[in-house]
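Engineer: Chains as they are written, first to last, in the numbering used here: chain A, 266 to 752; chain B, 2 to 528.
For every residue, glycine included, the Cβ atom is placed at its ideal position computed from N, Cα and C.
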């Protein structure tokens with residue numbers, strides 16, 4: 266093992282986005298402590314920071330850094346944009362929500378920023394340790410954010426639940442990594458690529474054990490069935506903008522890391538049929554998520570189960586370790602960020618009392634009384650259901666196309682059949698929006714210009730990707746190959 | 002104009018977008034806006050006719066731009082003899098709906114008009130699309146406005162009907178989506194060119210087993226849409242609950258997408274399977290014809306009666322398609338237009354008395370010919386057109402279908418012919434019970450006759466019924482080359498050992514009679 270000097274000439278350039286986010290987060294905490302009167306300006310400030318970070322993505326150099334453990338390329342840039350978009354939308358929805366719940370504070374946005382750093386590390390790490398470090402940075406932020414409404418027991422319960430189960434999951438990932446390290450003598454993906462290219466998988470049964478442990482831990486972070494149990498409770502208890510962010514961004518980051526890891530292990534994964542395990546988890550998620558979602562009347566719980574199903578769809582593409590699968594996941598991830606955060610966003614505007622759940626009855630008649638919010642939620646629902654001309658259709662189509670091109674026809678068939686089931690509960694929301702008469706409209710207490718702006722971004726984004734996806738596809742396909750390069 | 006089709010396609014959507022900015026309270030402005038845009042679309046669509054070349058079988062006025070190049074998807078529009086009249090039917094029926102519903106929509110008028118225009122956009126797009134994915138996008142796009150039209154403006158049981166309509170249709174079309182991906186994947190494997198362009202895919206040869214699976218995936222989607230027995234159960238619910246405008250569009254155009262899909266995709270993509278399973282589809286169509294007619298006969302509700310008569314009439318179209326002869330397919334295409342006109346008119350007129358009496362039960366009427374003379378005239382013309390009276394459009398379509406189908410499916414055609422007699426029975430009985438005889442109910446003594454806007458809506462339909470009935474050549478001449486080419490594609494693609502041992506008669510004596518002196522034999526099609 267050669268030791269590289271940790272400080273390389275361009276290191277600042279390599280982690281410029283992360284640095285901006287880290288410093289801005291600390292600044293926000295200091296501002297909160299020393300001039301709490303500025304709290305109203307924190308959300309705009311955070312928005313500026315996220316946009317500036319997005320811009321800084323163009324200033325970084327592509328290449329590998331820190332002794333070959335950190336890779337920057339076109340594809341990591343695109344995924345960074347997805348993480349930043351999710352954080353941006355979540356903080357736009359958070360502003361009025363936090364003020365209305367009286368829990369406004371600089372640390373909220375700081376934690377979102379630091380969580381985003383964690384995700385960026387997961388997407389760029391070329392070493393299992395870096396990936397785990399990113400994962401833990403992210404998880405710590407999520408623990409705090411989920412319990413951010415600290416006076417609310419349900420929020421505390423959600424935080425504790427996520428913390429306990431998350432700790433277990435991390436344990437599994439670490440065990441798995443340790444076993445891989447034991448076999449290959451390296452935690453770096455480069456070392457593992459070399460090892461897996463030559464080894465006979467059947468000679469070492471521990472490899473399969475390690476893989477299963479890794480998948481169990483990652484499955485937890487993804488809310489993949491059967492490791493999904495936490496998701497509905499946590500989403501329900503967490504502040505709604507947090508649930509919006511949590512339901513999207515960490516999943517994309519985890520999937521990118523999985524792509525990298527699977528790419529490194531591919532020869533043995535093929536030999537030992539590990540991808541069959543992934544396929545089974547995918548099918549379980551699609552079936553369970555979609556069928557259980559039908560029974561939900563609480564909107565956040567419904568979206569939790571729909572999220573389980575959507576991870577199942579994304580796993581169809583993950584199962585196919587190919588370049589166009591990466592492009593499909595990027596498209597799906599961006600789309601999912603827009604439509605799911607948009608849907609959670611509308612829900613976050615509706616609040617009767619702090620402890621009351623938001624049910625279907627709360628959106629009854631919304632479509633006619635608040636046409637913009639109603640239409641935005643309807644567009645998100647149609648997109649989640651995968652109907653053209655929304656982005657949801659293009660993304661699902663891409664995933665199924667990749668699956669069929671790679672010969673995974675059965676997975677695509679199951680995906681389509683469960684999609685039919687899913688249209689029922691997404692349409693039910695539209696039914697409540699436009700066809701159900703409500704005696705009185707649940708007040709929308711947390712609406713404001715930022716929430717409206719976020720919804721405009723979400724709706725335009727959904728329609729734009731749905732109608733003109735070519736630029737996104739092209740940049741994704743051009744860059745996708747880099748994800749499987751470990752050198 | 003080189004991009005005439007695009008203009009016709011996008012104009013309704015532009016109208017819908019502009020309507021968004023009209024304040025909710027000014028209902029007249031919304032209605033007027035919808036009327037102006039739908040009429041403008043209709044007039045522009047008429048410009049397709051002078052540019053349409055009579056003897057060209059393929060797509061005309063083609064526009065093609067890359068849309069998603071990495072998948073080989075293009076924005077490609079074109080019109081041929083099969084889609085021409087269906088496009089015009091769509092652009093005609095939309096202003097008819099807006100006009101006839103002028104005073105019939107009472108809530109969310111603006112929303113209703115926007116939904117109608119978006120629906121028109123979807124329908125025109127589906128008929129014009131020359132790219133499989135583009136077609137699919139439009140095919141599904143229509144579901145959303147139709148779901149809202151049934152669910153928001155419909156009758157008492159509208160939610161159940163709307164969801165049933167949606168789930169049925171999407172179940173079929175999602176399976177077709179999978180088949181589309183697989184079809185394109187197969188083509189990519191053979192040619193190494195990714196393409197969703199329809200005519201490129203026509204050249205594909207598919208192994209028998211795969212072809213059968215893909216055939217059923219496509220056929221299921223279209224059979225649900227038509228609807229073919231036993232997949233028709235959503236239709237009566239949707240029709241009865243839908244508002245009048247929704248019913249007119251549903252029967253007039255949406256159902257045609259099923260039969261159009263068979264002609265445009267199923268037959269040329271899967272010629273072997275189509276021939277293999279033609280008897281099956283023919284049997285289902287025949288069951289639909291007889292069953293639909295018998296069920297229509299016992300309906301006490303006029304709208305339900307017309308809905309079941311649609312099941313019966315669309316059965317004829319499917320029978321004609323799978324009989325696969327020149328005159329049966331021409332008859333099918335013509336019958337699609339006919340059904341749009343006559344059933345559209347019937348739904349419109351049933352809506353007229355429903356608005357006045359708030360009931361559709363035949364038992365609540367009787368003798369209203371005295372109070373509504375003008376209305377009675379229109380209703381009887383629509384009924385006669387629907388039952389196929391010579392001189393009106395229905396006769397031409399049904400005659401061509403039956404005489405053409407008899408060549409290849411004599412038994413089924415014979416049974417199906419009873420549908421024509423049954424149609425006369427149940428429709429004339431309806432007329433008898435509702436219009437003739439003494440006035441039995443006091444409420445019927447002073448119903449106001451048909452209003453100006455309803456007359457303006459129904460008159461164009463009546464004119465076309467007579468036109469097609471007297472001079473079908475206007476319509477048949479333009480579809481003939483395309484149908485001929487379709488049959489040639491179907492036969493050339495077919496495995497020669499399994500060629501359907503039937504003569505593809507171009508000049509069946511009956512067909513020639515109807516076409517008049519036009520030379521019946523056409524070059525390029527020999528036995």
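1) For residue 335 of chain A, name the three-state secondary structure that DSSP assigns.
2) Below 8 Å on C-beta distance, what does residue 141 of chain B contact in chain A?
3) Given a threshold of 16 other Cβ atoms within 10 Å of its Cβ, counted over all protein chains shown, does residue 227 of chain B qualify as buried or as exposed?
4) Quick check on the DSSP output: what are the complete alpha helix (DSSP H) runs of length 4 or more inside the region 27-102 of chain B, in order along the chain?
5) Any beta carbon from chain A within less than 8 Å of residue 75 of chain B's own beta carbon?
6) Considering only residues of the same chain and omitting the five flanking positions on each side of residue 148 of chain B, which have a CB-CB separation below 6 Å?
7) What are the partner residues of residue 390 of chain A, as DSSP defines its beta bridges?
8) Is residue 506 of chain A near residue 420 of chain A, with beta carbons less than 8 Å apart?
9) Check this for me: beta carbons of residue 544 of chain A and residue 584 of chain A, under 8 Å apart or not?
10) Between the Cα of residue 350 of chain B and those of B:186, B:460 and B:76, spot the shortest distance and give me the residue it belongs to.
11) Span of the alpha helix (DSSP H) holding residue 1 of chain B?
12) Assign residue 535 of chain A to buried or exposed, taking buried as 16 or more other Cβ atoms, counted over all protein chains shown, within 10 Å of its Cβ.
13) Please report the distance separating the alpha-carbon of residue 358 of chain B from that of residue 302 of chain B.
14) Counting along the chain, where does the alpha helix (DSSP H) carrying residue 718 of chain A start and finish?
15) Closer than 6 Å by C-beta to residue 352 of chain B: which residues in its own chain qualify, once you throw out the five before and the five after it? Chain order, please.
16) Are the beta-carbon atoms belonging to residue 207 of chain B and residue 666 of chain A less than 8 Å from one another?
17) Give the secondary structure of residue 197 of chain B by DSSP, where H, G and I count as helix, E and B as strand, and everything else as coil.
18) Can you name the residues of chain A whose CB is closer than 7 Å to the CB of residue 125 of chain B?
19) So residue 657 of chain A is in the beta strand (DSSP E); what residue range does that whole segment cover?
20) Cβ closer than 9 Å: which chain A residues qualify as neighbours of residue 113 of chain B?
21) Rounding to the nearest angstrom, what Cα-Cα distance links residue 315 of chain B and residue 299 of chain B in this structure?
22) Report the residues of the region 657-680 of chain A with a CB closer than 8 Å to any CB of chain B, ordered along the chain.
23) For residue 624 of chain A, does the three-state DSSP call read helix, strand or coil?
24) So if DSSP puts residue 406 of chain B in a beta bridge, which residue, or which two residues, is it bridged to?
25) Should residue 275 of chain A be labelled buried (16 or more other beta-carbon atoms within 10 Å of its own) or exposed?
26) Do residue 284 of chain B and residue 120 of chain B have their C-beta atoms closer together than 8 Å?
27) Name the chain B residues that come within less than 7 Å of residue 570 of chain A, Cβ to Cβ?
28) CB residue 499 of chain A to CB residue 411 of chain A, shorter than 8 Å?
29) By Cβ distance below 7 Å, which residues in the same chain neighbour residue 1 of chain B in space, the five residues on each side in sequence not counted?
30) What alpha helix (DSSP H) runs, 4 residues minimum, are completely inside the region 283-330 of chain B?
31) Reducing DSSP to helix, strand and coil, say where residue 132 of chain B ends up.
32) Could you list the residues in the region 714-727 of chain A with a C-beta less than 9 Å from some C-beta on chain B, going in chain order?
33) Please list the partners that residue 739 of chain A has in chain B, where partner means a Cβ-to-Cβ separation under 9 Å.
34) Rounded to whole angstroms, how far is the Cβ of residue 361 of chain A from the Cβ of residue 643 of chain A, which I believe are closer than 8 Å?
35) Grouping DSSP H, G and I as helix and E and B as strand, with all else coil, what is residue 160 of chain B?
36) Using a Cβ cut-off of 8 Å, pull out every chain B residue sitting near residue 742 of chain A, in sequence order please.
Structural biologist: In terms of the structure at hand:
1) Residue 335 of chain A falls in the strand class under three-state DSSP.
2) Within 8 Å Cβ-Cβ: 652, 653 and 658.
3) Counting other Cβ atoms within 10 Å of its Cβ, residue 227 of chain B reaches 16 or more and is therefore classed as buried.
4) Correct list: 28-47, 49-52 and 82-101.
5) Among the residues facing chain A, residue 75 of chain B is not included, as its CB has no counterpart in that chain under 8 Å away.
6) In the same chain as residue 148 of chain B, and ignoring 5 residues on each side of it, the C-beta atoms closer than 6 Å to its own belong to 163 and 167, in chain order.
7) According to DSSP, which records beta bridges pairwise, residue 390 of chain A is partnered with A:335.
8) For residue 506 of chain A and residue 420 of chain A, no; Cβs fall outside 8 Å.
9) Cβ distance < 8 Å, so residue 544 of chain A and residue 584 of chain A count as in contact.
10) Of the candidates B:186, B:460 and B:76, the one whose C-alpha sits nearest the C-alpha of residue 350 of chain B is B:460.
11) Because chain B spans 2 through 528 in this model, residue 1 of chain B falls outside it and cannot be assessed.
12) Per the 10 Å Cβ criterion, exposed.
13) Approximately 13 Å between the Cα atoms of the pair.
14) Run containing residue 718 of chain A: 714-732, per the alpha helix (DSSP H) assignment.
15) Excluding sequence neighbours, residue 352 of chain B sits near 245.
16) Inclusion of residue 207 of chain B and residue 666 of chain A in the CB contact set at 8 Å is not warranted, their separation being larger than that value.
17) In this structure, residue 197 of chain B counts as coil in the three-state DSSP scheme.
18) Per Cβ cutoff of 7 Å: no residues; residue 125 of chain B is ~15 Å from chain A at best.
19) Membership of residue 657 of chain A in any beta strand (DSSP E) is not indicated; the residue belongs instead to the alpha helix (DSSP H) covering 656-670.
20) Neighbours of residue 113 of chain B in chain A, taken as residues at a C-beta separation under 9 Å, are lacking, since the least C-beta distance is about 12 Å.
21) Looking at the two C-alpha atoms, the distance is approximately 19 Å.
22) Along the region 657-680 of chain A, the positions whose C-beta sits under 8 Å from a C-beta of chain B are 658, 662, 665, 666, 669, 670, 674, 677 and 678, read in chain order.
23) Taken through DSSP and simplified to helix, strand or coil, residue 624 of chain A comes out as strand.
24) Beta-bridge pairing by DSSP links residue 406 of chain B to no other residue.
25) Residue 275 of chain A comes out exposed.
26) In this structure, residue 120 of chain B does not lie closer than 8 Å to residue 284 of chain B by Cβ.
27) Under the 7 Å cutoff, chain B gives no residues; its nearest Cβ is about 19 Å from residue 570 of chain A.
28) It is a contact, given that the beta carbons lie within the stated cut-off.
29) With chain B represented from 2 up to 528, any question about residue 1 of chain B goes unanswered, as that position is not in the structure.
30) Counting only runs of 4 or more, we get 303-324.
31) It is a strand residue.
32) If the cut-off is 9 Å between Cβ atoms, the region 714-727 of chain A has nothing near chain B.
33) Identification of chain B residues near residue 739 of chain A by a Cβ-Cβ cut-off of 9 Å yields 70 and 71, ordered along the chain.
34) Rounded to whole angstroms, the Cβ separation of residue 361 of chain A and residue 643 of chain A is 22 Å, and the two are not in contact under 8 Å.
35) The three-state secondary structure of residue 160 of chain B, taken from DSSP, is helix.
36) Those within 8 Å of residue 742 of chain A in chain B are 71.
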